[in-house]
Structures are given as structure tokens and as C-alpha cells.
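J.: Attaching a single structure in C-alpha cells format; questions to follow.
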Amino acid sequence: MDPVTLLTLVVLSVFVGFEVVSKVSSTLHTPLMSGANAIHGIILIGAIIVAGQADDPWLLTVALIAVVLATANLVGGFVVTDRMLHMFRGRRATRPEVKEDAA
Numbered sequence: 005m006d007p008v009t010l011l012t013l014v015v016l017s018v019f020v021g022f023e024v025v026s027k028v029s030s031t032l033h034t035p036l037m038s039g040a041n042a043i044h045g046i047i048l049i050g051a052i053i054v055a056g057q058a059d060d061p062w063l064l065t066v067a068l069i070a071v072v073l074a075t076a077n078l079v080g081g082f083v084v085t086d087r088m089l090h091m092f093r094g095r096r097a098t099r100p101e102v103k104e105d106a107a
């Protein structure tokens with residue numbers, strides 16, 4: 005594929021991805037993030053495999069950058085998912101209520 009076709013695919017993918025994600029209701033964001041975390045885990049494994057087999061220094065550099073970015077995205081996704089799950093749990097009392105008798 006020529007670079008113009010690849011660039012066109014990337015731009016169209018960004019627009020389609022933005023439209024799809026922006027239409028998701030707030031109750032579905034947590035399952036969506038969990039699915040995205042699984043995909044990023046697969047991407048991370050692929051980037052590690054490519055980095056391990058790279059002979060060209062330029063390819064090794066790009067693969068290592070992919071490993072760093074995939075790791076950051078994976079960890080960030082789990083952090084966001086954890087925070088969203090805490091929002092759905094509700095508030096818990098941090099200390100037991102103490103009732104004082106009126107004398």
C-alpha cells in the first residue's frame with residue numbers, strides 16, 4: 005500500500021472510532037474499557053514479539069516505542085476501569101456511626 009492510502013485509512017479509522025465511542029452510553033463504558041484492555045494486552049504481546057525479533061535498529065526503536073505506549077495504555081485502562089467500578093459501588097462509611105445519648 006502506498007503512504008497516501010495508509011494515511012487515509014488512519015484518518016478514517018480515527019473518525020469512525022471517535023463516532024463509535026462517543027455514542028456509547030455511560031453504563032457501557034466499563035465493559036467497553038475491559039474489552040479495550042484485552043485488545044491492548046494482545047497489542048503489547050505483539051509489540052514485544054516484534055521487538056524481540058527486530059534486526060534493524062530503526063525497527064527495534066519503533067517496536068520499543070510501541071511496547072512503551074501499549075504498556076501505558078494498558079495500565080491506564082485498568083486504572084480508569086477500577087475508578088469507574090468504584091463509582092458504581094456507592095459510598096461506604098469510613099467509620100462506624102457513633103450515636104450519643106442525649107442526657
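Per my numbering, the sequence shown starts with residue 5, numbered consecutively. Glycine included, each C-beta is placed from N, C-alpha and C at the ideal position.
(1) Suppose you measure from the CA of leucine 64 to the CA of leucine 16; what does that come to, to the nearest Å?
(2) Does the pairing of the region 8-28 with the region 51-67 give three or more beta-carbon distances under 8 Å?
(3) Does the separation of the CB atoms of asparagine 41 and leucine 89 fall below 8 Å?
(4) Kindly indicate which residue of Gly50, Arg93, Gly45, Val24 has the alpha-carbon position closest to the one of glycine 81.
(5) Is the beta carbon of valine 54 sitting closer than 8 Å to the one on alanine 74?
T.: Once the coordinates are examined:
(1) Rounded to whole angstroms, leucine 64 to leucine 16 spans 28 Å at the Cα level.
(2) Contact fails: fewer than three Cβ-Cβ distances are below 8 Å.
(3) Taking a C-beta distance under 8 Å as the contact criterion, asparagine 41 and leucine 89 do not qualify as a contact pair.
(4) Gly45
(5) no
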